[in-house]
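To start, the structure itself, in structure tokens.
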Amino acid sequence: MLSRDIWAAGSEILIGAGSILVLLFEVLARRARPVWAYRTALVSVAVTVFLLAAGSLGRSGVFWHGGLVNDPLSRLLDIAAGVATFLVLVYSRPQLVRHGLERAEHYFLVLTTLLGVLVVDSGGSLLTLYLGLELLALSLYALIAIDRRRPLGAEAAMKYFVLGAMASALLLYAFTFLYGLAGSFRLSVVARALAAHPGSPLTLAAVAFVVVALAFKFGAVPLHFWVPDVYEGAPTAVTLLVGTVPEIASIALFMRLLGLGLGAASGDWGVLLMVASLLSLLVGNLLAVVQLNVRRLLGYSAVGHVGFILLAFQLGGRGGETAAVYYTIVYVFMSAAAFGGLTLLEARGEKSTTLEDLSGLARRDPWMAFFLLCALFSLAGVPPFLGFWAKLIVLRRVIMAHETGLAIFAVVMAVVAAYYYLRVVKSMYFDPPPAPGGDGAAAAAPVPVFSRVWLGINALGLLVLGILPEGLWSACRMAMSHLLR
Amino acid sequence: MPLFDDLAVSAVVFAIALAGMFVNRKNLVVLLMCIELMLLAVNTSFVAWSAWWGGLSGQVAVFFVLTVAAAEAAIGLALLVVVFRNKRSVDVDTIDTLKG
Amino acid sequence: MTAAHLLVEGVFGFFATVLVISALGVVVARNPVHAALFLILSFFNAAVLWVLLGAEFLGIVLVLVYVGAVMVLLLFVVMMLDIDLVVIRRGFVRHAPLAAVVALLLAFEIGYVFWARHLGLVSLAPPLRPGTLPNTRALGLRLYRDDLYPFEIAGFLLLVGVVAAIVLTLTHREGVRRQDPSAQVRVEPARRIRLVDPFPKGTPGKGGEGG
Amino acid sequence: MSLDDLVLGVLLLPLAAALIAGLGRNLVGRTGAHVLTILAVALAFLASALILRRVLADPRPHVFTFYTWMMSGGARFAVGAWIDRLSALMMVVVTFVSLAVHVYTIGYMHDDPGYARFFSYLSLFTFAMLLLVVANNLLELFAGWEGVGLVSYLLIGFWFERPSASRAAVKAFLLNRVGDLAFLLGMAVLFAAVHTLSFRAIFAAAPVLGRTPILGGSGGMTVATAAALLLFVGASAKSAQIPLHAWLPDSMEGPTPISALIHAATMVTAGIYLVARLSPLYVQSATALSVVLLIGALTAFFMGLLGIVATDIKRVIAYSTISQLGYMCAGLGAGAFAAGIFHLVTHAFFKALLFLGAGSVILAMHHEQDMRKMGGLRRFMPVTYITFLVGSFALVAFPGFSGFFSKDAIIDAVGRSPVAGASLAHLLLLGGVFVTALYTFRMVFLVFHGEPRMDEHTRAHLHESPLVVTLPLVALAIPALAAGWVMFRPLLGGSFFAGVFGRLPHGHPLGFVSRNPHLTPLAFVAGAFSEPSFWLMIAGIATAWYGYLYRPAFPARAAAAFHGLYRLFVQKYYVDVFYEVICARAGWLVGRGLSTGGDRLLIDGGLVNGSARLVGAMARRLRPVQNGRLYRYAFVMIAALVAVLGYALLT
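Chains as they are written, first to last, in our numbering: chain A, 2 to 486; chain B, 148 to 247; chain C, -7 to 203; chain D, 69 to 719.
What follows is the structure in structure tokens.
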């Protein structure tokens, strides 16, 4: 029994062991330099992803007295989170090294972030969902402030911490309602209890608190305030992490908690999510237009993308949820390529803060500019990039639900989004490079080939998968067709 | 009606703490305390429901919440120290560089 | 209603009232140290309520561990940061009515939920079983056997808390002696003991009889 | 060789050439790049001609699937081909024009450092356009559509060092994005209704769609109307119809005149092709047809007026293109799909001719494009002059030239169309004839006649362009002159497009020009002299002659030499003033009014900048909410919670 349970938690155990190993390197072999911590982290993530993809880990079923649920969805999300973490590690190291920020604790916290995501992905009870979420959040708070010389980082971390802790408290309060209703923390029991008492005030209150807390975690308007501040304030390598891996946990949380746990009340949360989605589309995209700071711009654009995801999710039913999961996964890899490009630019010794910093990039580093272009076009939803399919599938779902008004609104906002993404492309390709400043000479440091190659794979993958979109989509559909709780 | 009374007390404390989050415009430390207070209210609620159901799950949950609260407090205080070192102040008003 | 019931009701009413008042105190106190003390007071009161509800062990843990460690840490940091303790709270009075309204609204909404739920208790009423309340042993069994998985995650959470606190606040000052486990591990016998000849050759006189 | 092999060859040859010339340009070198791409496009042209011959023998549509692009479950998209006489004809036109452009580019881009890259773009463009034409489903068509847009973006921004070029590129991209998104929505509407995007299914379902109200309700709009209108917004962006036309004149910033030609003669016809292709859908919606008709007619007239005031030779031709596209649109909207496509074909020839002629002029003038600095060029460039004149006569629809047959067919058809708004459209189109003649011959007179107005240096170096430039001119002049005679009978007489297009309800015979299906071209020409359009055209030419050739030199000489006759000439001069004021000047004023008031204020200012400003203003309002203060954030969160909770409990 226990061995079966342990086997089921294989991915979590591997990553946890990896993180401990990273710490041990730091404590016992300080001379060995953080590069060993980096390699350990990389290997443990790669091994986990490989074993998950090979199907050796995470046999389907309910384990640990309902605390852990392995199903195709958890496996898909685990793999996505693992691959994203791998990319994050690969992109961030050159930048960390160049700016003297590389330390084993950084890699440790990245791994615990991933661990939190894995726990949430396969969370079968309210308790494990909450603990996974907190593990993820605490790691992020620390990472955002990890560069202690950077006042912006401390400010962003403090804001995120206070608001995040508040959101967690709201979520917990909702859990007390659900517990009161069901007498258990297992999602399956909660779902049954909810179905037995439709429309009770306790359910409604739980739905309200859960929606607010989850909207915060995802960064939907009006709970988005932390997003741009954190994207701008965090060190670049951490922004890269914040913008990618946690999104997987957010969609997992939505699926597990709202889709599976509170699915019986979907009529109640659907409306709320629809409002949040429309507001996110509007506010995120409009405010992105006026940003001059690239990372802040991408932060607001992330809010806009969340609007798209919620637009699909609020439809309720497997169709909309599948579209939302697909969009999220696609978004994570687009975001990884975009932020990865910015991070590697900083590793070159360039600044990547404002639009002006990027101007003329196409001539300084054509490949990097091209990779960023792929990422931005994909984010903008230009066919045949992968991002186009994500938008198309969501819109198709929305139209099939006869919500044509919503679809039109989303499309209008997508045009606004295309505008500001294009502005970044324009400054990379058409604007003259900034006047050669004093630090121009020192700037041209080579970026390790390993990182560049992975960025290339990531960016061109957006194109290739856009041309052959079937695999990922059918994987999502498959994952969503055998859900457990 | 012990259940209702306990839940009501917890709700009042929760509401007070939430209001404290935005009425307090001076001191970050008090924000951290409000968070602690919110978790306390949640825990009280768990204990009350647990007693009502006559099971243990609620009490187990309180354990975990206390653990998380401790870790959270540690990180919150650490962040507070970092902010204080950077700004020489824990005034809420001083951390508004990121905006717009 | 028996006397015991009345007693319980009275004790509950007293501590609940103090809990609410001290919670208010946390929010309105001018001095952060006072706020921290109010917080501790509310924790004490909550612990009593928990004990009344039959969660004796948790009540004790809350006081001994949580108040004893976490709250003291909080107080410690407040004092260490040397915050100006007599700041007037600008704008507090101006915003207090709004806060009061929001808090009342929220409390009312939640209260409504419980009230409505309470009226519907009949429909799903599980037995109220005050007799089978937990003891420490049962709690331990649950924690270490059934809920082992979340327990391990909670362990990781604490580890992250520790590492994060250290990463964020530890500064290495020059000239401060500290432990280096890495160096301790790597030490070799040859370097551990250095044999010192107290009387190297060529130094004058071993013993005192020379002359 | 089987038909599908031929189609694949037509598609893949330009693509392969583009890839090789683009990615391996260091390998193949400059000569390699143009030899390779020209060879590929020439072969594609030959194959297209073969395909056309086959479908002439067998009129049924041939539908193939090359590759199935599956999004499992429900949605299945294929890459395939739909070969009928319409697409085969388009393939021939596209490859022919593209071939001419390739050859011409050798001479024109000779000194450009991006020589190989440019050829790569041209071939890529050809590929995308062909993909669009052969597509057998909407998604594939959309892929080609986007490809064409992307290449045009690259071409407009080809000289990205120029800030105006990069601005124009962005503008073109944005306006086309608006259209693309409407296109996407239109596809989505069709997909939601038919559950596939293949033409076959859409055509089969079209009559049902024409009766099904959208949104499943009982509302007034049918699915067919919604889809047709949304798709037409897409088409009108690509085909530069009001109000999404603003990008086309600006796109003339691209390397002269090749990209201009690409945009003006080929790419912009994609929208026309789309509507014609989907004609079975369009005929199901009277509303959509009316919109297409009126937008086309408005564009034809008002954009022509703008051509009168432009001084840049390329811009004149660009406005003329927009105006001619308006004619095509009007033809489609009237239900005369064959006439619209006929005009598309003839227009491709004579507009290509005009653009290449303009390019030849610009080359000779050392990249001077201002017509006020030209004049008298006919003596220096006889070949260019003659061919340009042929193109101009075709453009103004002089009887006998190719443009005449197609344009008069459209006007005739609109005049007899049952679609609502046809009479207004008819008037606008007739007015457009006058305007067309005026701006066309103003251009001819300003450039080739009169006194040379260029500086001495340029004048000393004036000479006819090299053979690579003049040869395509001559090659294009022949079809511009003769195409009408050859194609009139089959295209309009009825049999060629039999079964390709949807027909209006009540079997209205708009596929045919006149009540007499056996009308010969000669009889059509003979009949033209009694039509108002002919005299309007003559009036336009005369006005141009008066205003831009005759008058400028006259007053000074007359006043000096013949004092006695001066008054008489003053009298005549009044007529002149009358003409000038009422016709030319009024037109000029209206044109300028439109250009500043309409074009710049309404379109640029109102639509493009205005929406940008609106977005900016809203964003500025929203921005201060994020004021960086923690308690603000917390308050909004709590307020949201209270509101959500209240809402949940109240409902």
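We put the CB at the ideal spot given by N, CA and C, even for glycine.
Residues of its chain near T588/D, where Cβ-Cβ distance is below 6 angstroms and the 5 sequence neighbours each way are ignored
The residue you call residue 588/D lines up with position 520 of the fourth sequence. Taken in chain order, the list of residues that qualify is empty.
Please name the residue or residues paired with G124/A in a DSSP beta bridge.
Residue numbering aside, residue 124/A sits at position 123 when the first sequence is read from its first letter. In the DSSP output, where bridge partners are listed per residue, G124/A has L69/A.
Can you grab the Cα-Cα spacing for the pair T355/D / A158/B, in whole Å?
Walking along the fourth sequence from the start, residue 355/D turns up at place 287. Walking along the second sequence from the start, residue 158/B turns up at place 11. Distance from the CA atom of T355/D to the CA atom of A158/B, rounded to whole angstroms, is 60 angstroms.
Cα-Cα separation between L137/A and V177/C, rounded to whole angstroms:
In the first sequence, counting from the first residue as 1, residue 137/A sits at position 136. In the third sequence, counting from the first residue as 1, residue 177/C sits at position 185. Using only the alpha carbons, I get a separation of about 32 angstroms.
From L241/A to R22/C, what does the alpha carbon distance come to, in whole angstroms?
As a first step, residue 241/A is located in the first sequence; it is residue number 240 there, counting from the start. As a first step, residue 22/C is located in the third sequence; it is residue number 30 there, counting from the start. Spanning the two alpha carbons is a distance of roughly 40 angstroms.
Bounding residues of the alpha helix (DSSP H) (the contiguous stretch that carries F51/A)
Your numbering for residue 51/A matches position 50 in the first sequence. First-last of the alpha helix (DSSP H) with F51/A: 35 to 55.
For V377/D and Y421/A, the rounded distance between their alpha carbons
Mapped onto the first sequence, residue 421/A falls at position 420. Mapped onto the fourth sequence, residue 377/D falls at position 309. So the two alpha carbons sit approximately 35 angstroms from each other.
Partners in chain B for V64/C, counting only beta-carbon separations shorter than 7 angstroms:
Here residue 64/C is taken as the residue at index 72 of the third sequence, counted from 1. Neighbours of V64/C on chain B: none; closest Cβ ~11 angstroms, over 7 angstroms.
Out of P199/A, Y332/A, T329/A, L15/A, point me to the one whose CA is closest to L116/A's CA.
Working through the first sequence from its first residue, we reach residue 116/A at position 115. The residue with the shortest Cα to Cα distance from L116/A is L15/A.
Flag V36/A as yes if its beta-carbon sits less than 7 angstroms from any beta-carbon of chain B, otherwise no.
Here residue 36/A refers to the residue found at position 35 when the first sequence is read from its first residue. Not a single C-beta of chain B is nearer than 7 angstroms to the C-beta of V36/A.
Quick check on H313/D: buried or exposed, where buried means 16 or more other Cβ atoms within 10 Å of its Cβ?
Stepping through the fourth sequence from its first residue, residue 313/D is reached at position 245. Under this definition H313/D is a buried residue.
Which partner residues does W8/A have in the DSSP bridge list?
Position 7 of the first sequence holds residue 8/A. W8/A is bridged by DSSP to nothing; it lacks a bridge partner.
Return the Cβ separation of G489/D and S358/D in integer angstroms, given the expectation that the two are a contact with Cβ distance under 8 angstroms.
Sequence index remark: in the fourth sequence, residue 489/D carries index 421 (1-based). Sequence index remark: in the fourth sequence, residue 358/D carries index 290 (1-based). Correct: roughly 5 angstroms between the Cβ atoms.
Write down the C-beta distance between L400/D and A338/D rounded to the nearest angstrom, noting that I regard them as a contact closer than 8 angstroms.
Taking the fourth sequence and counting its residues from 1, one reaches residue 400/D at position 332. Taking the fourth sequence and counting its residues from 1, one reaches residue 338/D at position 270. Between L400/D and A338/D a beta carbon distance of about 13 angstroms is seen, past the 8 angstroms cut, so the two are scored as non-contacting.
With 7 angstroms as the C-beta to C-beta threshold (strictly closer), list the residues of the segment 127 to 153 of chain C near chain B in chain order.
A130, L131, R134, L135, D139, P142, A146, L149, L150, V152, G153
Distance, G262/A Cα to V191/A Cα
Stepping through the first sequence from its first residue, residue 191/A is reached at position 190. Stepping through the first sequence from its first residue, residue 262/A is reached at position 261. Approximately 6 angstroms between the Cα atoms of the pair.
Looking only at its own chain, which residues have a Cβ that is under 6 angstroms from the Cβ of L81/D, when we skip the five neighbours before and after it?
The sequence position of residue 81/D within the fourth sequence is 13, counting from 1. Closer than 6 angstroms at Cβ, skipping near neighbours: A108, L111, A112.
Can you tell me which of L179/B, K234/B, A155/B puts its alpha carbon nearest to the alpha carbon of L98/C?
Locating residue 98/C in the third sequence gives position 106, counting from the first residue. That would be A155/B, whose Cα lies nearest to the Cα of L98/C.
Where does P281/D sit, in a helix, a strand or coil, going by DSSP?
Position 213 of the fourth sequence, counted from the first residue, corresponds to residue 281/D. It is a strand residue.
Mark I458/A as exposed unless 16 or more other C-beta atoms lie within 10 angstroms of its C-beta, in which case mark it buried.
To locate residue 458/A, count along the first sequence from 1; it is residue 457. With fewer than 16 Cβ atoms within 10 Å of its Cβ, I458/A is classed as exposed.
Does any CB atom of chain C fall closer than 7 angstroms to the CB of H66/A?
Residue numbering aside, residue 66/A sits at position 65 when the first sequence is read from its first letter. With its beta carbon less than 7 angstroms from one in chain C, H66/A belongs to the interface.
Consider the Cβ of G401/D: report whether some Cβ of chain B lies at a distance smaller than 7 angstroms.
One-based indexing of the fourth sequence puts residue 401/D at position 333. No, its Cβ sits nowhere closer than 7 angstroms to a Cβ of chain B.
So what does D438/D bridge to, in DSSP terms?
On the fourth sequence, position 370 is the one that residue 438/D refers to. According to DSSP, D438/D bridges with D380/D.
Rounded straight-line distance, which links the Cα of L205/A to that of S304/D:
Position 236 of the fourth sequence holds residue 304/D. Position 204 of the first sequence holds residue 205/A. Looking at the two C-alpha atoms, the distance is approximately 49 angstroms.
Spell out whether any CB of chain A is found under 7 angstroms from the CB atom of A47/C.
What you label residue 47/C is simply residue 55 of the third sequence in a count that begins at 1. Not an interface residue.
Between the CA atoms of W455/A and L71/D - distance to the nearest angstrom:
Working through the fourth sequence from its first residue, we reach residue 71/D at position 3. Working through the first sequence from its first residue, we reach residue 455/A at position 454. Distance between the alpha carbons of L71/D and W455/A is about 43 angstroms.
Which residue from F592/D, E532/D, V246/D, K475/D puts its Cα closest to that of H411/D?
In the fourth sequence, residue 411/D corresponds to position 343, counting from 1. Checked all of F592/D, E532/D, V246/D, K475/D; the closest Cα to H411/D is K475/D.
Can you pull the chain A neighbours of S34/C, defined as C-beta to C-beta under 9 angstroms?
Within the third sequence, residue 34/C is the residue found at index 42, counting from 1. What S34/C touches in chain A: nothing, since even the nearest Cβ is about 15 angstroms away.
Does the beta-carbon of V44/A have 16 or more other beta-carbons within 10 angstroms, so that it is buried, or is it exposed?
Counting from one through the first sequence, the residue named residue 44/A turns up at place 43. Under this definition V44/A is an exposed residue.
Short of 7 angstroms Cβ to Cβ, which residues in the segment 117 to 138 of chain A face chain C?
Residues of the segment 117 to 138 of chain A with a Cβ closer than 7 angstroms to any Cβ of chain C, in chain order: V120, L128, T129, L132, G133, E135, L136.
Taking all protein chains shown into account, decide if N695/D is buried (16 or more other Cβ within 10 angstroms of its Cβ) or exposed.
The residue you call residue 695/D lines up with position 627 of the fourth sequence. Its Cβ having fewer than 16 others within 10 Å, N695/D is exposed.
Span separating the alpha-carbon of L119/A from that of L74/A:
Your numbering for residue 119/A matches position 118 in the first sequence. Your numbering for residue 74/A matches position 73 in the first sequence. Looking at the two C-alpha atoms, the distance is approximately 12 angstroms.
Which stretch, first to last residue, makes up the alpha helix (DSSP H) that contains G215/D?
Against the fourth sequence, residue 215/D aligns to sequence position 147. Per DSSP, G215/D belongs to the alpha helix (DSSP H) from 206 to 224.
A146/D (DSSP reduced to helix, strand or coil)
Here residue 146/D corresponds to residue number 78 of the fourth sequence, with the count starting at 1. Correct three-state label for A146/D: strand.
So V284/A and L359/A are supposed to be a Cβ contact under 8 angstroms. How far apart are they, rounded?
Sequence index remark: in the first sequence, residue 284/A carries index 283 (1-based). Sequence index remark: in the first sequence, residue 359/A carries index 358 (1-based). That pair is no contact at about 25 angstroms.
Name, going along the chain, the residues of the segment 219 to 242 of chain A whose beta-carbon falls closer than 9 angstroms to a beta-carbon of chain B.
P229, D230, V231, E233, G234
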